Structure formats: structure tokens, C-alpha cells
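Enquirer: Got a structure for you, written out below as C-alpha cells; questions coming shortly.
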Amino acid sequence: MNNLNANYERILEVLQKISKEQLLDYQRRRPKLSDLELICLSLTAEFMGIDSENDLFRKLPVIIASKIDRSVYNRRRRKLVGYMDDIRLRLASHFNEFEDYFIVDSMPLEVCKLSRSSRSRVCKEDAYAFPDKGYCASQGSNYYGYKLHAVCSIKGVFQSVDLSPASVHDVNYLKDIKAQMGDCTLIGDRGYLSAEIQLNLFETCNIKLNTPMRSNQKDYKKQPYIFRKKRKRIETLFSQLCDQFMIRRNYAKSFRGFKTRILSKIAALTTIQYINKFIFDRNINNIKISII
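When we follow this note's numbering, the leftmost residue of the sequence shown carries the number 3, and every step to the right adds one.
What follows is the structure, encoded as C-alpha cells:
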């Protein structure tokens, strides 16, 4: 895992199979480091746990470092975030194309400590993307920042991800899923319990939402054991994002930079899963492993 250049070459080999080199239009001249190579460099850094751009450029081989400046790398990386997510979806489609069961959940992403929230200017350049105060039931604490909503398959591959202010309730994310998925069973926790949303999902796109019932509900039935067991898969993925990919560590000052960091980490996770499956034929969720 310590050989940055070898890891870079491995990931680039995968990305070149599914995407072209230049993704943006350049009016004057094409950059020395192609768009796909820049995305590859970003994913390699996330896989190796290099979360600081200064640290990354100190470790870069001369042949790569000579092609791009650090500030240019930062600007281009933010412009390419949409293409990076498209690449992630193409990789995920190799796992999820015929999947019928998915799991939905959310996790808190703290921008700064709650005591500093009133004077913090982080991620406040656009009014629509202001962070907010929210409550995390699993941790039993309040926090200031955003909420990562995600849907993953039973195998453990992310299909859909989104960010919202921390105060937005989990159930609102289900309204966006209708445009992305259909004809499947969606397993969630009690945060997604809503008879109205459940009926709407089934009628509009044939999504069967399965959540645990509250014990005092009429006609109470316990959620099947297999669903309760499989629901832990997404919690394991969140733990991997927190551990190896350090998703809760934030160096960004703008919302675009914050979003780019989050999506880069998720795209890197999906890329390593693809390499595990289709190059080495091993367990896709062994993330702390050599890909050389």
C-alpha cells in the first residue's frame, strides 16, 4: 500500500477501460495531466489515506508532479467531481445491475464542533448548502454539519449517495430515490418508517420499503432476521469510510471542496472493490489490502 506510483498505475488501468482521457472541453491547450489521470491520482490518495494535498505532492513521483501544480490540481478536481461520480456508478453497475435488494441509511458528517458553529464560516459560500445542527440517534449526540445518505447493495457496493444539512430528516431522502431506482426491495431502520412514503414508493416505481415496526404499532410484526442481519452491511461500509478513508476528517473550506472530498472517498472505495473482484477474484470488502 505504500507504493504510490504502483497503486496509481493499477487504478489508472481500471479507469481507462471505462472512460476516455479528457472529460472537460479545453479551448486553448490540453493540460499535461489528463482529466482521467487527475481523477486516478485523487482516488489513489484516498485509498492510501493521504488526506492532505501538501502531503500528497511531497510524495508524488517527479514524473507526475512535473505535470501539474497543487492549486491547479485542486481547482480541476472540483470541476471533475460529476465525472468522478459517473465513473463510480459505472463501476458499481458491474455489481448492482441485477440486484433486487438494497439497504438505505445515513451517517453524520461534522464540519466543526458544535460550540464553534455560530462563528464558523466553513461551507457557507452558498445559501442553499449551509451546514446545520442535527441529532444522531445512533450516537445519542447533537452535531453541526451535514448528513450522508446512502443506498448500498447486499454485497456492499454503494448505488446512490447524497448530502443534506444535518437537520433534514432521513425519510426525505427517499423522495429522491424514486428517480434513481426501481423494482427492488429497500431495507431501512426505523428512521424511514412512513406509511405514506412506503405506499408512494411502491405505486410510483415498485420499490418495496421494509423497515422495523414500532412495538406499540397496530398489527406489529418483527422484521425478518435476514433483513436485520443484512442491514449491518451498510454500517460496516460507513465504518470503513471512517477508518481507512477518514471521511469525518475535514480540511475543506467550501461546500464544493467538502462534496468533492466525500465523493472521492466513496469512489475510491468502489474502485478497490472492483479491483478485488475482477482482477484478483477475492472478497470485495477487504479494503485494507494490496492492489499491486
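The beta-carbon is built from N, C-alpha and C at its ideal position, and this holds for glycine as well. A quick note: this is a predicted structure, and the numbers were derived from the prediction, not measured.
Let me check one thing: in DSSP terms, what residues is Met-215 bridge-paired to?
Expert: Working through the sequence shown from its first residue, we reach residue 215 at position 213. Answer by DSSP bridge pairing: none, since Met-215 is not bridged.
Enquirer: Spatial neighbours of Tyr-10 within its chain, please: CB distance less than 7 angstroms, with the 5 preceding and 5 following residues excluded, ordered by chain position.
Expert: The residue labelled residue 10 in the question sits at position 8 within the sequence shown. Cβ neighbours of Tyr-10 beyond the five flanking positions: Cys-42, Leu-43, Thr-46.
Enquirer: Give the straight-line distance between the Cα atoms of Met-3 and Lys-267, rounded to the nearest whole angstrom.
Expert: Position 1 of the sequence shown, counted from the first residue, corresponds to residue 3. Position 265 of the sequence shown, counted from the first residue, corresponds to residue 267. Bear in mind that a pLDDT of 46 at Met-3, under 50, signals an unreliable position, so the number given afterwards is only what the model happens to contain. Going from the Cα of Met-3 to the Cα of Lys-267 covers about 16 angstroms.
Enquirer: For Val-64, is the classification buried or exposed, using 16 other Cβ atoms within 10 angstroms of its Cβ as the cut-off for buried?
Expert: As a first step, residue 64 is located in the sequence shown; it is residue number 62 there, counting from the start. Exposed.
Enquirer: Would you kindly work out how many angstroms separate the C-alpha atoms of Asn-288 and Arg-30, rounded to a whole number?
Expert: Looking up residue 288 in the sequence shown gives position 286. Looking up residue 30 in the sequence shown gives position 28. Near 43 angstroms, if we compare the C-alpha coordinates of Arg-30 and Asn-288.
Enquirer: Look at the alpha carbon of Lys-255 and the alpha carbon of Gly-51, and state the distance between them as a whole number of angstroms.
Expert: Against the sequence shown, residue 255 aligns to sequence position 253. Against the sequence shown, residue 51 aligns to sequence position 49. Each residue's Cα considered, the two are about 20 angstroms apart.
Enquirer: Met-86 and Ala-269 - do their beta-carbons sit closer together than 8 angstroms?
Expert: As a working note, residue 269 is residue 267 in the sequence shown. As a working note, residue 86 is residue 84 in the sequence shown. Contact: yes.
Enquirer: Grouping DSSP H, G and I as helix and E and B as strand, with all else coil, what is Cys-154?
Expert: On the sequence shown, residue 154 is found 152 positions in, with the first residue counted as 1. Here Cys-154 sits in strand by DSSP.
Enquirer: Counting only beta-carbon atoms, is Arg-216 nearer than 8 angstroms to chain C?
Expert: Among the chains in the structure shown there is no chain C, since it carries only a single protein chain.
Enquirer: State the start and end residues of the unbroken beta strand (DSSP E) segment that holds Lys-135.
Expert: Position 133 of the sequence shown, counted from the start, is the residue given in the question as residue 135. Residues 134-138.
Enquirer: Measuring alpha carbon to alpha carbon, tell me which residue in Asp-283, Lys-261, Lys-180, Arg-123 is nearest Ser-166.
Expert: Here residue 166 refers to the residue found at position 164 of the sequence shown. Ser-166 has its Cα closest to that of Lys-261, out of Asp-283, Lys-261, Lys-180, Arg-123.
Enquirer: Kindly indicate which three-state DSSP category Asn-278 falls into: helix, strand or coil?
Expert: Reading the sequence shown from its first residue, position 276 is the one you call residue 278. Looking at Asn-278 - three-state DSSP - the assignment turns out to be helix.
Enquirer: May I ask you to report which of helix, strand or coil DSSP gives Glu-99?
Expert: On the sequence shown, position 97 is the one that residue 99 refers to. Coil at Glu-99, not helix or strand.
Enquirer: So what's Tyr-227 in DSSP terms, helix, strand or just coil?
Expert: Walking along the sequence shown from the start, residue 227 turns up at place 225. Helix at Tyr-227.
Enquirer: By DSSP's criteria, Ile-70 is part of a beta bridge. Which residues make up the other side?
Expert: If you number the sequence shown from 1, residue 70 lands on position 68. According to DSSP, Ile-70 bridges with nothing at all.
Enquirer: Looking at the unbroken alpha helix (DSSP H) that takes in Leu-203, where does it start and where does it end?
Expert: As a working note, residue 203 is residue 201 in the sequence shown. Segment 197-207, the alpha helix (DSSP H) holding Leu-203.
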